[in-house]
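**Q** Below is a structure I'd like to ask you about.
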Amino acid sequence: MGGISLNYLVRRLLVFFLTLWVAATLIFIIPRLAPGDPIAAMVARLSYQAGFVEDSNAIIEGWKERFGLNDPVYVQYVRFLGGLLQGDLGYSMARFPATVTELVGRALPWTIGLVGVATVIFFVVGNLCGALLAWNRTPRLVKVMIPMSMIFTSIPPLLAGLLLSYTFAFLLGWFPQTYSYGFGMTPALTLEFVLNVIHHGTLPAMAIVLVTFGYWALGMRGMMVTIEGEDYMILAQAKGLKPFYVLYRYMIRNAILPQMTALAVSIGTLVNGVVLVEVIFNYNGMGTLIVTALREQDFGLIQGTAFILITTSALAVLIIDLSYPLIDPRISLEGR
Amino acid sequence: MAEDSKVKDAPVAGGTKEAGFLNRFDNPWLNWKFLSGTGILGFMFLLIFLGYQLWDTDLALSARAPLNLPPVGFENWRGQEGIPEHPLGTENSGRDMLALWIVGTPRTIFVGVVAATVGMVVGIVLGFMAGFLGGTFDDVIRLAVDIAITQPSLLYLIVIQAVLGTVDLLTMALLISLFSWATPTRYIRAQVLSMRESGYVQMARLSGVPVRDIMFKEIMPNLLPYLGASYIGNMQGAIISAVGLEVLGFGPQRIPSLGVAIFFAIEAGALFRDMWWWWGIPTVTLSIVFTALLLINLGLDEVANPRLRKAN
Numbered sequence: 007m008g009g010i011s012l013n014y015l016v017r018r019l020l021v022f023f024l025t026l027w028v029a030a031t032l033i034f035i036i037p038r039l040a041p042g043d044p045i046a047a048m049v050a051r052l053s054y055q056a057g058f059v060e061d062s063n064a065i066i067e068g069w070k071e072r073f074g075l076n077d078p079v080y081v082q083y084v085r086f087l088g089g090l091l092q093g094d095l096g097y098s099m100a101r102f103p104a105t106v107t108e109l110v111g112r113a114l115p116w117t118i119g120l121v122g123v124a125t126v127i128f129f130v131v132g133n134l135c136g137a138l139l140a141w142n143r144t145p146r147l148v149k150v151m152i153p154m155s156m157i158f159t160s161i162p163p164l165l166a167g168l169l170l171s172y173t174f175a176f177l178l179g180w181f182p183q184t185y186s187y188g189f190g191m192t193p194a195l196t197l198e199f200v201l202n203v204i205h206h207g208t209l210p211a212m213a214i215v216l217v218t219f220g221y222w223a224l225g226m227r228g229m230m231v232t233i234e235g236e237d238y239m240i241l242a243q244a245k246g247l248k249p250f251y252v253l254y255r256y257m258i259r260n261a262i263l264p265q266m267t268a269l270a271v272s273i274g275t276l277v278n279g280v281v282l283v284e285v286i287f288n289y290n291g292m293g294t295l296i297v298t299a300l301r302e303q304d305f306g307l308i309q310g311t312a313f314i315l316i317t318t319s320a321l322a323v324l325i326i327d328l329s330y331p332l333i334d335p336r337i338s339l340e341g342r
Numbered sequence: 325m326a327e328d329s330k331v332k333d334a335p336v337a338g339g340t341k342e343a344g345f346l347n348r349f350d351n352p353w354l355n356w357k358f359l360s361g362t363g364i365l366g367f368m369f370l371l372i373f374l375g376y377q378l379w380d381t382d383l384a385l386s387a388r389a390p391l392n393l394p395p396v397g398f399e400n401w402r403g404q405e406g407i408p409e410h411p412l413g414t415e416n417s418g419r420d421m422l423a424l425w426i427v428g429t430p431r432t433i434f435v436g437v438v439a440a441t442v443g444m445v446v447g448i449v450l451g452f453m454a455g456f457l458g459g460t461f462d463d464v465i466r467l468a469v470d471i472a473i474t475q476p477s478l479l480y481l482i483v484i485q486a487v488l489g490t491v492d493l494l495t496m497a498l499l500i501s502l503f504s505w506a507t508p509t510r511y512i513r514a515q516v517l518s519m520r521e522s523g524y525v526q527m528a529r530l531s532g533v534p535v536r537d538i539m540f541k542e543i544m545p546n547l548l549p550y551l552g553a554s555y556i557g558n559m560q561g562a563i564i565s566a567v568g569l570e571v572l573g574f575g576p577q578r579i580p581s582l583g584v585a586i587f588f589a590i591e592a593g594a595l596f597r598d599m600w601w602w603w604g605i606p607t608v609t610l611s612i613v614f615t616a617l618l619l620i621n622l623g624l625d626e627v628a629n630p631r632l633r634k635a636n
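Protein sequence lines correspond, in order, to chains F and X. First residue of the first sequence? That's 7 in our numbering, and the numbers climb one at a time after it. First residue of the second sequence? That's 325 in our numbering, and the numbers climb one at a time after it.
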């Protein structure tokens, strides 16, 4: 298999850490670029709700002192980065005793589970469909069926989620409309609970898979067509290898590599889609958390959720990038 | 599908050799995907234009119509029937759905066009310079693209908008364009890199053509179908971001676009109240727009890449 070259590894790690640094910096800067004072705005909201807040200026000063907003910006920045490094994302303003890390920790596994399962399904199904579309031994019927199943391609997952929720949850009642498991259930590793989670997760996952696999099928077909003209294909046929063996070892194995790169590039779009799908299904992951935070004007939680999701997707990209040379035996980049 | 086979059989009739002469029917622009995609969008714009002429678009504002009426021929959960004054029904703040469609559809597409154009212009400039000049500039751009391209842009936009609150459509489009330059840059850079070594570019260089002219007068025309496909892809992405932000409640609320209509519908529980026309009309319209854009995109791909034509 060979290893990963130092050069490649260093570049990937550089991109990974730069991504985190850029994300952290932007998330730090954006609220400070905005006109107005966030604390004053918050107190204004409080007084709007309560009618009148006594000594609002004292409250503002108190909060500023509490959050260190009177320090110079670079001190705040260093403190912010230091906090992130220790996994300290501060407190949720709306649910005060709870820390952002705590709330995010509860939501993140659901999102990762949902995206992970959906990704595996659309990647496998999409590439398989693409390969079958280009393969000259595929039955005619299959070649007609696959493009027909691809009509939803290009519709954003959000809209697919709406349509699926209405059709299969509201009209037919086959699947639950909201949340990731039934009310009154406590998460536990029992068969009943797992089945319940699958039942709840089917529609959100389908919303992603249905609209995504077509892209992978199209990409795969494009790659397969290129490969069909290669000399080694003629050799494989001349050797009398079994068609399935040729399809898998000679065609798919070669065509899958650019698809892996494409998968890494598409992670961001995928996360965008999942956030919105979660909102449609009120799935208790990161997307729903960030929307709740938006509604509660909980800026610390918005920042924290966004940063952790960005970190998670950067990590996913890194993992895919690092697995690339392991999948392709030709890239045993050692010593380059 | 019949037209399809006609179009793609044409080159085969002239001989299977790739280098064979192009006959009159082998115009790559006449592939069914490109034609049907542009056709759908064109028809939609025609409907919108007619709508502006024939329908009172002020009805898209709130409190201009009775509440919660279904489209003509349907009944809502209260047993009210649709009335011809509001053929596509109304929603719970008294907006007429037909007027909302006429007003909202172009607004949604507008965001896509602005964001995609800005992103594309930046992408063309950066991509050409990186690909053609190389060196440190290329390294920096490549690193920036590597970082930017995998980012979940929606999260940054949420953070920005959480600070700014609701903004007008142009601002939203410009914010989205902050994240729509990386893909075109990467794509164009790769194309320029492969073109740079080709004969005609070398020739132009030897003839002393200025670098800017080589980039924009020699290479760019050859890239037009690629640029077109990339532009359409960019537009899809921009509209998806815009609709996403709107569904989260960041869109302009007085005159809604399609995403804002969906936001209102979700907020009011239209999914549970079986008011399918409220969220369904914007959803189906957007789906049609996206499908049309994808068809155009695939069509342009076929223009740019003859191999794909053969694959059909």
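Glycine included, every Cβ here is placed at the ideal spot set by N, Cα and C. Keep in mind it's a predicted model, so treat the numbers as computed, not measured.
Using a beta-carbon distance below 9 Å, is N278 of chain F in contact with chain X?
**A** Looking up residue 278 of chain F in the first sequence gives position 272. Interface residue, yes.
**Q** Buried or exposed, going by whether 16 or more other CB atoms sit within 10 Å of the CB of P394 of chain X?
**A** Counted from its first residue, the second sequence places residue 394 of chain X at position 70. Buried is the call here.
**Q** With a threshold of 9 Å between beta-carbons, can L624 of chain X be considered close to chain F, or not?
**A** Indexing the second sequence from 1 puts residue 624 of chain X at position 300. Not closer than 9 Å to any Cβ of chain F, the Cβ of L624 of chain X fails to qualify, so no.
**Q** Can you have a look at L170 of chain F and say buried or exposed, based on whether 16 or more other CB atoms are within 10 angstroms of its CB?
**A** Along the first sequence, read from residue 1 onward, the residue named residue 170 of chain F stands at position 164. That one is buried.
**Q** For Y97 of chain F, which of helix, strand or coil comes out of DSSP?
**A** Taking the first residue of the first sequence as position 1, residue 97 of chain F is located at position 91. Strand, per DSSP.
**Q** Would F614 of chain X and I563 of chain X be called neighbours here (beta carbons separated by less than 9 Å)?
**A** Residue 614 of chain X sits at position 290 when you count from the first residue of the second sequence. Residue 563 of chain X sits at position 239 when you count from the first residue of the second sequence. Result yes, Cβ atoms of F614 of chain X and I563 of chain X sit closer than 9 Å.
**Q** Would W352 of chain F be called buried (16 or more neighbouring beta carbons within 10 Å of its own) or exposed?
**A** Here chain F comprises residues numbered 7 to 342, so residue 352 of chain F is not present and cannot be evaluated.
**Q** Just the chain F side, please: which residues come within less than 7 Å of S611 of chain X by C-beta, in chain order?
**A** Sequence index remark: in the second sequence, residue 611 of chain X carries index 287 (1-based). Within chain F, the residues near S611 of chain X are I161, L165.
**Q** Round the Cβ separation of V445 of chain X and R510 of chain X to the nearest angstrom and send it over; I've been treating them as touching at under 8 Å.
**A** Working through the second sequence from its first residue, we reach residue 445 of chain X at position 121. Working through the second sequence from its first residue, we reach residue 510 of chain X at position 186. Not a contact, Cβ separation roughly 15 Å.
**Q** Establish whether the CB of A320 of chain F and some CB of chain X are separated by less than 9 Å.
**A** Looking up residue 320 of chain F in the first sequence gives position 314. It does: the Cβ of A320 of chain F has a partner Cβ on chain X nearer than 9 Å.
**Q** Alpha carbon to alpha carbon, what distance is there between R38 of chain F and F250 of chain F?
**A** Translated into positions along the first sequence, residue 250 of chain F becomes position 244. Translated into positions along the first sequence, residue 38 of chain F becomes position 32. About 59 Å.
**Q** Between which two residues does the alpha helix (DSSP H) containing Y254 of chain F stretch?
**A** Locating residue 254 of chain F in the first sequence gives position 248, counting from the first residue. Segment: none, Y254 of chain F is in no alpha helix (DSSP H) and carries neither H nor E.
**Q** So, G443 of chain X versus S501 of chain X, is the Cβ gap smaller than 9 Å?
**A** Against the second sequence, residue 443 of chain X aligns to sequence position 119. Against the second sequence, residue 501 of chain X aligns to sequence position 177. Yes, the Cβ-Cβ distance between G443 of chain X and S501 of chain X is below 9 Å.
**Q** For Y83 of chain F and V217 of chain F, what's the separation of their Cα atoms in angstroms?
**A** Residue numbering aside, residue 83 of chain F sits at position 77 when the first sequence is read from its first letter. Residue numbering aside, residue 217 of chain F sits at position 211 when the first sequence is read from its first letter. Going from the Cα of Y83 of chain F to the Cα of V217 of chain F covers about 41 Å.
**Q** Run through the segment 485-547 of chain X for me and flag every whole alpha helix (DSSP H) of 4 or more residues, listed as ranges in chain order.
**A** Within the segment 485-547 of chain X, the complete alpha helix (DSSP H) runs of at least 4 residues are 493-501, 506-520, 523-530.
**Q** Please report the straight-line C-alpha distance between M527 of chain X and A268 of chain F, rounded to a whole angstrom.
**A** The residue given as residue 527 of chain X occupies position 203 in the second sequence. The residue given as residue 268 of chain F occupies position 262 in the first sequence. Spanning the two alpha carbons is a distance of roughly 35 Å.
**Q** Taking the runs of the alpha helix (DSSP H) that are 4 residues or longer, which of them lie wholly in the segment 346-383 of chain X?
**A** The qualifying runs are 356-378.
**Q** Closer than 8 Å between beta carbons: that is the criterion. Which residues of the segment 475-498 of chain X meet it against chain F?
**A** Going along the segment 475-498 of chain X in chain order, one finds Q475, P476, S477, L478, L479, Y480, I482, V483, I484, A486, V487, L488 with a Cβ nearer than 8 Å to chain F.
**Q** Does the distance between the C-beta of G436 of chain X and the nearest non-hydrogen atom of the ligand SAH fall short of 8 Å?
**A** No copy of the ligand SAH occurs in the structure displayed, which carries no ligand at all.
**Q** Quick one: grab the DSSP three-state call for T414 of chain X.
**A** Residue mapping note: residue 414 of chain X aligns to position 90 of the second sequence, counting from 1. Three-state result, T414 of chain X: strand.
**Q** Got a sec: is the Cβ-Cβ distance from G604 of chain X to anything in chain F below 9 Å?
**A** Taking the first residue of the second sequence as 1, we reach residue 604 of chain X at position 280. G604 of chain X counts as touching chain F.
**Q** Would you verify that the beta carbon of I590 of chain X is, or is not, closer than 9 Å to some beta carbon of chain F?
**A** Position 266 of the second sequence holds residue 590 of chain X. Cβ-Cβ to chain F under 9 Å: yes for I590 of chain X.
**Q** Compare the Cα-Cα distances from E521 of chain X to each of X:G455, X:D463, X:T474, X:S565 and report the closest residue.
**A** For this step, residue 521 of chain X is matched to residue 197 along the second sequence. Cα-wise, what sits closest to E521 of chain X is X:G455.
**Q** Check the Cβ of V281 of chain F against every Cβ in chain X and list those closer than 9 Å, keeping chain order.
**A** Within the first sequence, numbered from 1, the residue matching residue 281 of chain F stands at position 275. P476, L478, L479, I482, G568, L572, listed in chain order.
**Q** Counting only Cβ pairs nearer than 9 Å, list the residues of chain X close to P115 of chain F.
**A** Within the first sequence, numbered from 1, the residue matching residue 115 of chain F stands at position 109. Under the 9 Å cutoff, chain X gives no residues; its nearest Cβ is about 18 Å from P115 of chain F.
**Q** According to DSSP, simplified to helix, strand and coil, what is L622 of chain X?
**A** One-based indexing of the second sequence puts residue 622 of chain X at position 298. Residue state, collapsed to three classes: helix.
**Q** Does DSSP put E236 of chain F in a helix, in a strand, or in coil?
**A** By one-based count along the first sequence, residue 236 of chain F stands at place 230. The answer is coil: DSSP assigns E236 of chain F none of H, G, I, E or B.
**Q** Less than 8 Å between the CB atoms is what I'm expecting for N202 of chain F and M191 of chain F, so what's the real figure, rounded?
**A** Your numbering for residue 202 of chain F matches position 196 in the first sequence. Your numbering for residue 191 of chain F matches position 185 in the first sequence. That pair is a contact at about 6 Å.
**Q** Could you name the residues that DSSP lists as bridge partners for T105 of chain F?
**A** Counting from one through the first sequence, the residue named residue 105 of chain F turns up at place 99. Paired residue(s): F:Y97.
**Q** Which residue or residues does DSSP assign as beta-bridge partners of D420 of chain X?
**A** What you label residue 420 of chain X is simply residue 96 of the second sequence in a count that begins at 1. Bridge partners of D420 of chain X: X:T414.
**Q** For a contact defined as C-beta to C-beta under 8 Å, what are the partners of D470 of chain X on chain F?
**A** Along the second sequence, one-based indexing puts residue 470 of chain X at 146. Going along chain F in sequence order, the residues near D470 of chain X (Cβ under 8 Å) are V21.
**Q** Can you tell me whether DSSP reads A337 of chain X as helix, strand or coil?
**A** Reading the second sequence from its first residue, position 13 is the one you call residue 337 of chain X. Residue confidence is low: A337 of chain X scores 41 on pLDDT, short of 50, so the model does not pin down where it sits. No coordinate-derived value is stated.
**Q** Rounded to the nearest angstrom, how far is the Cβ of V277 of chain F from that of V285 of chain F, given a contact under 8 Å?
**A** Residue mapping note: residue 277 of chain F aligns to position 271 of the first sequence, counting from 1. Residue mapping note: residue 285 of chain F aligns to position 279 of the first sequence, counting from 1. About 13 Å separates the two Cβ atoms, so there is no contact after all.
**Q** Once DSSP output is grouped into helix, strand and coil, what is the label at E302 of chain F?
**A** Position 296 of the first sequence, counting from 1, holds the residue named residue 302 of chain F. Here E302 of chain F sits in coil by DSSP.
**Q** Does Y187 of chain F pass the burial test, meaning 16 or more other C-beta atoms within 10 Å, or should it be called exposed?
**A** Position 181 of the first sequence, counting from 1, holds the residue named residue 187 of chain F. That one is buried.
**Q** Tell whether a beta-carbon distance below 9 Å holds between N260 of chain F and Y185 of chain F.
**A** The residue you call residue 260 of chain F lines up with position 254 of the first sequence. The residue you call residue 185 of chain F lines up with position 179 of the first sequence. Cβ distance not < 9 Å, so N260 of chain F and Y185 of chain F don't count as in contact.
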